[in-house]
Amino acid sequence: MSTLSSVISNATERAMQSAEPSSRIGIAILSLAFIIGFPGNAFIIWTVLARMKKRNVTCILILHLAMADMIVILTAPIFLHFLDNGTWIFGEIVCKLCHYTGCLSMYASIFLISFMSMDRFLAVAKPFTSQKIRTKKTVRGIILAIWVLASLLSIPMPIYRTVLPFSNILICRPYHKSSGHVAFQYLFETMLGFFIPFNIIVICYLYICLRLRTAKFQSKHKTNRLVSLIVITFCVFWLPYHVVNILQVTGALILGNKGQKLIEAAQSARPNVTALAFLSSSVNPVLYAYAGGSFIRTAGMGFMAKLFEGTSSEVSSFRKVSQALRQKSRNESIELGKRGEALEESKTFSTTPTD
0 MSTLSSVISN ATERAMQSAE PSSRIGIAIL SLAFIIGFPG NAFIIWTVLA
50 RMKKRNVTCI LILHLAMADM IVILTAPIFL HFLDNGTWIF GEIVCKLCHY
100 TGCLSMYASI FLISFMSMDR FLAVAKPFTS QKIRTKKTVR GIILAIWVLA
150 SLLSIPMPIY RTVLPFSNIL ICRPYHKSSG HVAFQYLFET MLGFFIPFNI
200 IVICYLYICL RLRTAKFQSK HKTNRLVSLI VITFCVFWLP YHVVNILQVT
250 GALILGNKGQ KLIEAAQSAR PNVTALAFLS SSVNPVLYAY AGGSFIRTAG
300 MGFMAKLFEG TSSEVSSFRK VSQALRQKSR NESIELGKRG EALEESKTFS
350 TTPTD
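When we follow this note's numbering, the leftmost residue of the sequence shown carries the number 0, and every step to the right adds one.
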């Protein structure tokens, strides 16, 4: 057995000794995620497909975000059984498939949120370009590319998952042949599934805020706040998971007692941070209900449709403000040009010799 395997085995043994309290927390979080997330996301999918005849771009993105959340929510009963019984009875294929699904949902969600942010950025930065390319055909093509990319990037997850015996029970757990494999998997996940896309999101929204503040424009639409809340909650629920990833990579690369302690800490925290990340799949329906609360009395079960219908007018407002800013800038340039020409003519006239 390699040094890394020995360290991980020892760390796993210590982590399993304190697994009972951790399992109870995990069961509580996963149960809550399933109770809220399954009916919530099902309602969103039904609303968009059955209640909305005209689906704008943001609405299509929200539909696919709900689909990404739903596919991981459907794995909750399997993980709940594992946490409750303490052993994995579903075999290696289901072990790999469940974790692949979770990884697929993570990548699809963050990429869809990134695209949502870039769509708003383009409406403000390049309004005329946005108007030309913001078609359902283009958006559907980009969404298809997002799902394909998410599917490909999720492949390392099942490769590094297997079912192994431990103290007379079976565990669906990570399996790496060397510290290099540990570093590759977790850094790959964190960089492509969080750090890079989240920085893109932050840059987009910083630009939008600065641009609209310059225009003294304050959006009164609920969907602007809604998209911001989606971004913030995704960060809150997924950041601890990626911190644990970095912690485990550091532990794998540092041999000796310090490395083992870091691996122990990471493995002890991983069930809870994974459950917290899982919970993010059930939060969006709550955010939609909060944002669309004022429509419930007037629209009843159709309040979601009323909320999503406002997303198109908001992006249109962004575009109009940006166009107005550009037109104002052009007018100022023309005015300055005219003043410059007038000044030159005045100088020429004053220096012309008189008879």
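Don't be surprised by glycine CBs; every beta carbon is placed ideally from N, CA and C.
Setting aside the 5 residues that flank it on each side, A265 is surrounded in the same chain by V243, L246, Q247, G250, each with a C-beta closer than 7 Å to its C-beta; the list follows chain order. Secondary structure of R133 (DSSP, three-state): coil. Excluding residues up to 5 positions away in sequence, V248 lie with their Cβ nearer than 7 Å to the Cβ of L186 in the same chain. Taken through DSSP and simplified to helix, strand or coil, L121 comes out as helix. In terms of CA proximity to A75, L275 leads the group L275, W146, A288.
Using a 10 angstroms sphere on the CB of D68, the tally of other CB atoms reaches 16 or more, which defines it as buried. With contact defined as three or more Cβ pairs closer than 8 Å, the region 115-135 and the region 189-208 are in contact. In the structure shown, T161 adopts extended strand secondary structure according to DSSP, grouped into three states. In its chain, beyond the 5 residues on either side, T232 have a beta carbon closer than 6 Å to the beta carbon of V282.
For I72, the uninterrupted alpha helix (DSSP H) run begins and ends at 56-72, by DSSP. Looking at the backbone, the Cα of A124 and that of E263 are separated by about 47 Å. In the DSSP assignment, I88 falls outside any alpha helix (DSSP H) and carries neither an H nor an E. C-alpha of M115 to C-alpha of K95: approximately 30 Å in a straight line. Taking all protein chains shown into account, R269 has 16 or more neighbouring C-beta atoms within 10 Å of its C-beta and is therefore buried. The beta carbons of L60 and L111 sit closer together than 7 Å. Shown here, I35 sits in a helix according to DSSP, grouped into three states.
Nearest neighbour of H180 by Cα position, chosen from Y159, L169, P196, S129, turns out to be Y159. Going by beta carbons, F81 and W87 fall inside the 7 Å limit. In the structure shown, I253 falls within a coil segment according to DSSP collapsed to helix, strand and coil.
Per DSSP, the beta-bridge partners of C171 are V162. Within the model, the alpha-carbon separation for W45 versus T100 is close to 22 Å. Here S227 has Y204 as same chain residues with Cβ atoms under 8 Å from its own Cβ, once five neighbours each way along the sequence are excluded.
In this structure, the beta-carbon distance from A32 to F236 does not fall below 7 Å.
At a Cβ-Cβ threshold of 7 Å, N55 and P284 do not count as neighbours. Distance from the CA of I141 to the CA of L73, rounded to the nearest whole angstrom, comes to 25 Å.
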